[in-house]
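Data first, discussion second: the structure below is written as structure tokens.
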Amino acid sequence: MKIVINFQNKLVPVYFNTENKQPVQRTLKLLTSALDNKIRNGKQALQKCLNSLISIEIEGSEAILHSKSEFDSLALSLY
Numbered sequence: 004m005k006i007v008i009n010f011q012n013k014l015v016p017v018y019f020n021t022e023n024k025q026p027v028q029r030t031l032k033l034l035t036s037a038l039d040n041k042i043r044n045g046k047q048a049l050q051k052c053l054n055s056l057i058s059i060e061i062e063g064s065e066a067i068l069h070s071k072s073e074f075d076s077l078a079l080s081l082y
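Residue numbering for the sequence shown is 4 to 82, as defined by the working numbering.
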């Protein structure tokens, strides 16, 4: 399943596995709050990834953050 969120005035696609046990709205709320927190308080490597974010993939309780450079892609725990 694919949903688009607005993050830093950019539309970012979020891909979900249909086997995810958590409700989609709860997962999106956790994701957006984690991203907002990390953009304000995260380390430089994480902020670099978020500034060049192109898509997010949710797998279980982790969000795989894909950036323009594959070296900047990271995994972020949602729980």
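Quick reminder that beta carbons are idealized off the backbone N, C-alpha and C, glycines included.
| Item | Value |
| --- | --- |
| For asparagine 9, the residue or residues it bridges with in DSSP | Leu14 |
| Buried/exposed call for lysine 17, threshold 16 Cβ in 10 Å | Rather than lysine, the amino acid found at residue 17 in this sequence is valine. Buried, since its Cβ has 16 or more Cβ neighbours within 10 Å. |
| Serine 70 versus threonine 30: straight-line alpha-carbon distance, rounded | 20 Å |
| Contact with chain D by glycine 63, beta-carbon distance below 9 Å | No chain D appears in this structure, which consists of one protein chain only. |
| Of the residues Cys52, Glu65, Ser64 and Glu60, the one placed nearest isoleucine 8, counting alpha carbons only | Glu60 |
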